[in-house]
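Colleague: Read in UniProt numbering, the sequence shown has 107 at position 107, and its numbers run on one by one without any break.
Where is the CB? At the ideal position from N, CA and C, for every residue including glycine.
Bear in mind that the values here come from a model prediction, so they are computed numbers and not experimental data.
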Amino acid sequence: MTLAAITMTAPEAASPVQMYRATYSPDDNKLRLYAASRLDPETYKKVHDAGFRWAPRQALFVAPAWTPGREDVLLSLAGEIEDEDSTLAERQEARAERFTGYSGKAGQ
């Protein structure tokens, strides 16, 4: 590979589109944003102002419902919005496991 080719491909690898993954689930009408690394303050403000909240146990940002504005934010970051990989039942099971962990800690 030549230096010119390396120079041309490096910016693509650092592209914000590569750093984010956006999903939508019609089952629960939620938009989710998966970030490969911590958001910079400007991006965090943009995401937070659109109504997304950090879900630390799931390691993602989630918005409680689809809106055109939230869709626009995700498209500007990820380039596209995919179908959510996990089913509603799988997410409910994971949530139940998290809450079981919470109640176990409360009893200690």
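What number of angstroms, rounded off, separates the C-alpha of A93 from the C-alpha of Q58?
Modeller: Correcting the residue type first, residue 93 is Glu in the shown sequence and not Ala. Near 13 Å, if we compare the C-alpha coordinates of Q58 and E93.
Colleague: Just the Cα atoms here: how many angstroms apart are A65 and E82?
Modeller: Rounded to the nearest whole angstrom, the CA to CA distance from A65 to E82 is 15 Å.
Colleague: For R38, does the count of other Cβ atoms within 10 angstroms reach 16, so buried, or fall short, so exposed?
Modeller: exposed
Colleague: List the endpoints of the continuous beta strand (DSSP E) containing L31.
Modeller: Following the DSSP letters along the chain, one finds L31 inside the beta strand (DSSP E) bounded by residues K30 to A35.
Colleague: Within 10 angstroms of its Cβ, does A96 collect 16 or more other Cβ (buried), or is it exposed?
Modeller: exposed
Colleague: If you draw a straight line from the alpha carbon of P47 to that of D85, how long is it in whole angstroms?
Modeller: According to the sequence as given, residue 47 is Val; it is not Pro. Looking at the two C-alpha atoms, the distance is approximately 21 Å.
Colleague: Given that a residue counts as buried once 16 or more other Cβ atoms are within 10 Å of its Cβ, and exposed if not, what is A22?
Modeller: buried
Colleague: Should L74 go down as buried or exposed, given a rule of 16 or more other Cβ atoms within 10 Å for buried?
Modeller: It is buried - the Cβ of L74 has at least 16 other Cβ atoms within 10 Å.
Colleague: For G51, tell me which candidate among T100, E80, S76 and R70 has the shortest Cα-Cα distance.
Modeller: It is R70 whose Cα lies nearest to the Cα of G51.
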